[in-house]
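Contents: one structure, followed by commentary.
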Amino acid sequence: MIVRARVVVTMDGAPINGGAVRVHRDRIVEVGNFFELAALSPAGEARDGVVDLGEQILLPGLINAHCHLDYTCLRGRIPYQNSFADWIRAINAEKAKLAPSDYLRSIADGFHEARRFGTTSIVNLEAFPELIAQLPPQPLRIWWCAEFIDVNTPVKPAMEATRPPIGRTRPVASLPPQNTGEIVSAAVRDLKSIPKNRGGIGLAPHAPFTASAELYRTCEKIAEHDRFLLTTHIAESREEMEMFCERSGPLFEFLKSLGRPMDDCGANTPLTVFLEKLNSRAIGVNRPYHRWLIAHLNELAETDFDLLRGMPQTPSIAHCPRSHAYFQHSPFAFEQLDTLGFNICLGTDSLASNTNLSLFAEMRQFRRMHASIPVENILAMVTVNPAKAIRAEDFLGKIRPGYQADMIAIPATSETSSAYESIINFTGDVPWIMIGGEPA
Ligand SMILES: [Zn+2]
Numbered sequence: 213m214i215v216r217a218r219v220v221v222t223m224d225g226a227p228i229n230g231g232a233v234r235v236h237r238d239r240i241v242e243v244g245n246f247f248e249l250a251a252l253s254p255a256g257e258a259r260d261g262v263v264d265l266g267e268q269i270l271l272p273g274l275i276n277a278h279c280h281l282d283y284t285c286l287r288g289r290i291p292y293q294n295s296f297a298d299w300i301r302a303i304n305a306e307k308a309k310l311a312p313s314d315y316l317r318s319i320a321d322g323f324h325e326a327r328r329f330g331t332t333s334i335v336n337l338e339a340f341p342e343l344i345a346q347l348p349p350q351p352l353r354i355w356w357c358a359e360f361i362d363v364n365t366p367v368k369p370a371m372e373a374t375r376p377p378i379g380r381t382r383p384v385a386s387l388p389p390q391n392t393g394e395i396v397s398a399a400v401r402d403l404k405s406i407p408k409n410r411g412g413i414g415l416a417p418h419a420p421f422t423a424s425a426e427l428y429r430t431c432e433k434i435a436e437h438d439r440f441l442l443t444t445h446i447a448e449s450r451e452e453m454e455m456f457c458e459r460s461g462p463l464f465e466f467l468k469s470l471g472r473p474m475d476d477c478g479a480n481t482p483l484t485v486f487l488e489k490l491n492s493r494a495i496g497v498n499r500p501y502h503r504w505l506i507a508h509l510n511e512l513a514e515t516d517f518d519l520l521r522g523m524p525q526t527p528s529i530a531h532c533p534r535s536h537a538y539f540q541h542s543p544f545a546f547e548q549l550d551t552l553g554f555n556i557c558l559g560t561d562s563l564a565s566n567t568n569l570s571l572f573a574e575m576r577q578f579r580r581m582h583a584s585i586p587v588e589n590i591l592a593m594v595t596v597n598p599a600k601a602i603r604a605e606d607f608l609g610k611i612r613p614g615y616q617a618d619m620i621a622i623p624a625t626s627e628t629s630s631a632y633e634s635i636i637n638f639t640g641d642v643p644w645i646m647i648g649g650e651p652a
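Numbering (our numbering) for the sequence shown: 213 to 652.
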């Protein structure tokens with residue numbers, strides 16, 4: 213099959229006017245000018261034919277680097293809070309009203325919405341891995357990352373368990389079995405049992421303020437063995453910085469009231485606490501930082517930049533522009549992190565702090581805050597860069613021979629000067645999507 217469009221934005225070189233892509237089964241096999249591709253068609257090609265998209269721009273399917281599909285149903289349900297700790301309280305109050313069937317519907321609604329906005333792959337932090345096998349197989353590629361907290365160790369028997377003491381995650385401390393390694397392994401088994409998963413598996417200790425050193429190290433060890441993705445939230449809010457640096461503030465008081473041991477607070481930044489939990493203050497030690505996809509990094513001290521500069525292997529970073537604006541976090545240090553060589557990606561975060569799952573809207577919000585960055589580089593943050601973060605850079609994120617045929621098309625507009633401009637300005641539903649060579 214040949215897919216023909218007015219412009220093909222490959223993210224693998226310059227856009228091709230009058231371009232075309234030859235697809236065989238799930239793969240892209242050839243990319244170039246339509247007439248050249250058509251002239252080279254093998255005899256059997258006529259049977260498959262040509263899909264002529266006309267006045268459209270064909271581009272790689274978009275990849276969301278940070279999302280919580282569990283909370284799609286919380287759109288508009290959390291009133292704005294002045295404090296991050298209060299936002300966690302508010303989301304907990306809403307979650308207390310939800311049953312497993314609500315979460316399953318929420319995730320399915322999230323699939324549908326992400327697909328409408330041209331997203332073909334999602335890194336999804338999943339608080340309920342045990343539910344996911346019940347979902348019908350669907351075309352999107354999801355990197356299911358089991359999310360854990362153990363905010364108030366020691367481990368409690370399940371019968372004493374209450375609802376998660378903090379937002380957004382599954383409480384390690386209140387689930388059987390009781391050993392952290394067994395709990396993480398059980399979640400991995402749940403994720404491995406998902407039928408026809410076209411994406412991958414990851415582990416997500418929630419954040420340094422909700423996950424213990426034991427939990428971080430257990431996840432890192434299991435991920436290293438099975439080559440899973442690792443992801444976590446670091447330095448998201450000023451309150452997290454205040455908690456770890458000064459032993460004070462609303463988040464400190466909230467977590468203390470839950471019985472969290474607060475002995476890691478008072479002297480360190482959130483990034484330092486994360487590295488200490490991994491037992492890697494000695495930064496020269498060769499650790500698998502490249503396996504980590506770190507969400508946020510909004511609050512960084514000068515000493516943090518020294519630590520980041522010293523990392524032999526850099527983690528990837530997921531920045532969520534509209535969630536960032538919603539919480540009014542400190543400015544995201546894009547230029548500094550980019551200069552240091554970090555692989556920076558965009559995500560939507562959950563709809564508890566965002567209005568929809570559109571990565572086009574995330575690109576526009578990013579440009580509002582970082583106007584000097586070329587649009588092509590911004591598009592890379594939802595294609596090439598997240599593909600690298602999930603170690604799929606050899607088969608996702610570009611329109612290139614050998615890659616998966618994950619592509620979307622949007623109308624080409626004559627008002628804008630370039631295909632990249634048309635893409636970043638696109639609003640509405642994406643009219644054409646292909647995932648793994650199949651219309652989706
Ligand atoms: Zn998140």
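By construction, the Cβ of each residue, glycine as well, lies at the ideal position given by its N, Cα and C atoms. Since the structure is predicted, the reported quantities are computational estimates derived from the model, not experimental observations.
Query raised in the report: Thinking C-alpha only, which one of P598, L343 and I319 is nearest I506?
Result: Sorting P598, L343 and I319 by C-alpha distance to the C-alpha of I506 places P598 at the top.
Query raised in the report: Expressed to the nearest angstrom, what Euclidean distance is found between the alpha-carbon atoms of N491 and H418?
Result: Distance between the alpha carbons of N491 and H418: 17 angstroms.
Report task. Can you check DSSP and say which residues form a bridge with G414? Result -> G414 is bridged to C357 and L441.
Requested in this report: Please confirm whether any heavy atom of ligand 1 lies closer than 8 angstroms to the CB of L337.
Outcome: Because some heavy atom of ligand 1 lies under 8 angstroms away, the Cβ of L337 counts as near it: yes.
Query raised in the report: Under the criterion of a Cβ to heavy atom distance below 8 angstroms, does H280 qualify as lining ligand 1?
Result: H280 Cβ: within cutoff of ligand 1.
Requested in this report: Under 7 angstroms Cβ to Cβ from R472, same chain only, skipping five residues before and after it: list those, please.
Outcome: For R472, where only same-chain residues beyond five positions count, the Cβ hits under 7 angstroms are V363 and N364.
Query raised in the report: How about C532: is its Cβ closer than 8 angstroms to a heavy atom in ligand 1?
Result: Correct: C532 has its Cβ closer than 8 angstroms to ligand 1.
Query raised in the report: Whose C-beta lies closer than 6 angstroms to the C-beta of N566 among residues of the same chain, with five residues either side of it excluded?
Result: Counting only Cβ-Cβ distances below 6 angstroms, and skipping sequence neighbours, we find R534, S535 and T560.
Report task. Identify, in the order they occur along the chain, each residue of the same chain with its Cβ nearer than 8 angstroms to the Cβ of L569, setting aside the five sequence neighbours on each side. Result -> Correct list, in chain order: N276, C279, T284, G322, E325, A326, F329, T331, T560 and L563.
**Report entry** Touch test, the segment 459 to 474 against the segment 509 to 524, Cβ-Cβ under 8 angstroms, three pairs minimum
**Finding:** Between the segment 459 to 474 and the segment 509 to 524 there are fewer than three C-beta pairs closer than 8 angstroms, too few to call the two in contact.
Query raised in the report: Got a sec? Which residues, its chain only, sit under 7 angstroms from T430 by beta carbon, not counting five neighbours each side?
Result: Closer than 7 angstroms at Cβ, skipping near neighbours: T392, G393 and V396.
Requested in this report: Flag D475 as yes when its Cβ comes closer than 8 angstroms to any non-hydrogen atom of ligand 1, and as no otherwise.
Outcome: Relative to the non-hydrogen atoms of ligand 1, the Cβ of D475 never comes closer than 8 angstroms to any of them.
**Report entry** Nearest neighbour of R410, chosen from A621, W644 and Q616 [CA to CA]
**Finding:** Distance check between R410 and each of A621, W644 and Q616 places Q616 closest, using alpha-carbon atoms only.
Query raised in the report: Which stretch, first to last residue, makes up the beta strand (DSSP E) that contains P696?
Result: Nothing can be reported for residue 696: it is not among the residues displayed for the chain, which extend from 213 to 652.
Query raised in the report: Where does T430 sit, in a helix, a strand or coil, going by DSSP?
Result: In the structure shown, T430 sits in a helix (DSSP, three-state: H, G or I).
Query raised in the report: What number of angstroms, rounded off, separates the C-alpha of I303 from the C-alpha of E650?
Result: CA-CA distance, I303 to E650, rounds to 37 angstroms.
Requested in this report: Taking the CB atoms as reference points, tell me whether M646 and I620 lie closer together than 9 angstroms.
Outcome: For M646 and I620, yes; Cβs fall inside 9 angstroms.
Report task. With a threshold of 8 angstroms, establish whether the CB of D606 neighbours any heavy atom of ligand 1. Result -> No, the Cβ of D606 stays beyond 8 angstroms of every heavy atom of ligand 1.
Query raised in the report: Should N336 go down as buried or exposed, given a rule of 16 or more other Cβ atoms within 10 Å for buried?
Result: Classified as buried, N336 has 16 or more neighbouring CB atoms from the shown chains inside 10 Å of its CB.
Query raised in the report: Run through DSSP, which three-state label would E511 get?
Result: Correct three-state label for E511: coil.
Report task. Counting only the same chain and skipping the five closest in sequence on each side, list residues whose C-beta sits under 6 angstroms from that of A232. Result -> Beyond the five residues adjoining it in sequence on each side, A232 comes within less than 6 angstroms, by CB distance, of I214, R216, F246 and L249 in the same chain, given in chain order.
Query raised in the report: With C-beta atoms as the reference, is A624 less than 9 angstroms away from I300?
Result: With contacts defined as CB atoms closer than 9 angstroms, A624 and I300 fail to qualify as a contacting pair.
**Report entry** Buried or exposed (CB count within 10 angstroms, at least 16 for buried), D437
**Finding:** Note on residue identity: the sequence assigns His, not Asp, to residue 437. By the neighbour-count definition (other C-beta atoms within 10 Å, threshold 16), H437 is an exposed residue.
Query raised in the report: For A217, is the beta carbon positioned less than 8 angstroms from some heavy atom of ligand 1?
Result: No, ligand 1 has no heavy atom inside 8 angstroms of this Cβ.
Query raised in the report: The beta strand (DSSP E) with M646 in it runs from where to where?
Result: Run containing M646: W644 to I647, per the beta strand (DSSP E) assignment.
Report task. Give the range of the beta strand (DSSP E) segment to which R234 is assigned. Result -> Judged by DSSP secondary structure, R234 falls within the beta strand (DSSP E) whose first and last residues are I228 to H236.
Query raised in the report: My guess is that E338 and D282 are in contact by the Cβ rule of under 8 angstroms, so how many angstroms apart are they, rounded?
Result: The Cβ separation is near 7 angstroms, so the contact holds.
Query raised in the report: In this structure, what does DSSP give as the bridge partners for R216?
Result: Answer is A232 and D264, bridged to R216.
Query raised in the report: What are the residues that DSSP puts in a beta bridge with R239?
Result: As computed with DSSP, R239 is found in a beta bridge with H236 and Q616.
Query - 8 angstroms CB neighbourhood of T481 in its chain, flanking five on each side removed - result: These residues qualify, in order along the chain: A447, M453, F456, C457, E511, L512, A513, T515 and D516.
Report task. State the start and end residues of the unbroken beta strand (DSSP E) segment that holds C477. Result -> Per DSSP, C477 lies in no beta strand (DSSP E) segment and is marked neither H nor E.
Requested in this report: Determine the DSSP secondary structure at V485, reduced to helix, strand or coil.
Outcome: Helix.
**Report entry** Expected contact under 8 angstroms - CB spacing of L467 and F539 to nearest Å
**Finding:** The beta-carbon separation of L467 and F539, rounded to 18 angstroms, does not stay under the 8 angstroms limit for a contact.
Query raised in the report: Quick one: is E451 buried, meaning 16 or more other Cβ sit within 10 Å of its Cβ, or exposed?
Result: Counting the other CB atoms within 10 Å of its CB gives E451 a total of 16 or more, which places it among the buried residues.
Requested in this report: Mind listing, in chain order, the continuous alpha helix (DSSP H) runs of no fewer than 4 residues lying wholly within the segment 556 to 640?
Outcome: Runs found: 571 to 581, 587 to 592, 596 to 601 and 631 to 636.
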